[in-house]
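For reference, the structure is listed below as structure tokens.
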Amino acid sequence: MDQSVHSTRPVKPAAKVSSRETTRTNDPVRTMAGILEVATTEFASKGLSGARIDEIAAATRTSKRMIYYYFGSKEGLYIAVLEEAYRRMRTIEAELHLEDLPPEDALRRLVGFTFDHHHDNQDYIRLVMNENMERGVYLAQSEVIEALNVPAIQAIRQLYDRGVASGVFRPGLDAIDIHASISALTFFNVSNQHTFGLIFKRDGQSPEALAVRRQNIVEMLVRFVRV
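So for the sequence shown, the numbering used here puts the first residue at 1; every next one is plus one.
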């Protein structure tokens with residue numbers, strides 16, 4: 001297996017890079033961002049084993065050698081894609097300013113945001129599904145993934161504790177368990193949309209159906225934690 005890397009920082013190339021390719025390093029941030037964007041779609045649709053570095057290189061008008069220059073290997077690029085997907089979601093979550101809202105309103109905003117994010121970023125769901133099929137082997141190699149997700153749990157713990165202190169939420173619940181419940185309910189609507197729709201002959205992706213499902217999930221989570 002190729003060498004894996006755990007961040008998106010450039011690594012020392014294993015072989016000499018041509019002068020034409022080296023000119024791309026004049027804007028490494030932009031180059032790496034372009035590679036990650038294309039690779040996200042490639043890995044989400046085909047998984048790690050099915051994705052092809054040649055196709056990513058062609059779509060980004062770069063080369064396999066340049067991709068390995070930045071990410072070390074196919075596995076290294078895959079890990080970087082996973083990290084960036086989680087980083088992007090957590091960054092947006094931080095902009096919700098949940099601490100400025102009453103606890104119940106904060107929970108409603110968080111659940112609604114998670115539902116919307118998953119629906120609007122289905123490559124994220126597919127990446128998570130693919131990595132679960134890999135049994136989390138590659139995500140476990142990341143040096144930053146745990147730190148990226150700490151703020152998500154802290155935000156839930158803080159809004160929950162405020163709710164308990166104000167008598168709105170019942171005590172004795174765990175922040176990680178609340179997070180798991182939010183993830184499960186909002187994840188399913190994307191991950192199982194095709195099989196569920198086929199079996200039960202229902203279009204769950206129409207605007208009307210999505211609005212109803214979103215509201216139901218928000219209400220389920222609020223009722224779960226409320227006194």
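C-beta: ideal position from N, C-alpha, C; glycine also.
- Under the DSSP assignment, F169 falls outside any alpha helix (DSSP H); it carries neither an H nor an E label.
- In this structure, the beta-carbon distance from R108 to P151 does not fall below 7 Å.
- For L198, the number of other beta carbons within 10 angstroms of its own is below 16, and it is reported as exposed.
- A residue is called buried once 16 or more other Cβ atoms fall within 10 Å of its Cβ, and H118 is buried on that count.
- In the structure shown, R202 falls within a coil segment according to DSSP collapsed to helix, strand and coil.
- Taken through DSSP and simplified to helix, strand or coil, R226 comes out as strand.
- Pairwise C-beta distances place the region 68 to 80 in contact with the region 37 to 57, as three or more of them are shorter than 8 Å.
- In the displayed model, L159 falls within a helix according to three-state DSSP.
- With 16 or more other CB atoms across the displayed protein chains lying within 10 angstroms of its CB, E131 is buried.
- For A39, the closest alpha carbon among the candidates P28, N26, R65 and E84 is that of E84.
- Excluding residues up to 5 positions away in sequence, I153, I156, R157 and Y160 lie with their Cβ nearer than 7 Å to the Cβ of A175 in the same chain.
- Sixteen is the threshold: since fewer than 16 other Cβ atoms of the shown chains lie within 10 Å of the Cβ of T195, the residue is exposed.
- Around V227, the same chain offers R170 as residues with beta carbons nearer than 6 Å, after the five sequence neighbours per side are excluded.
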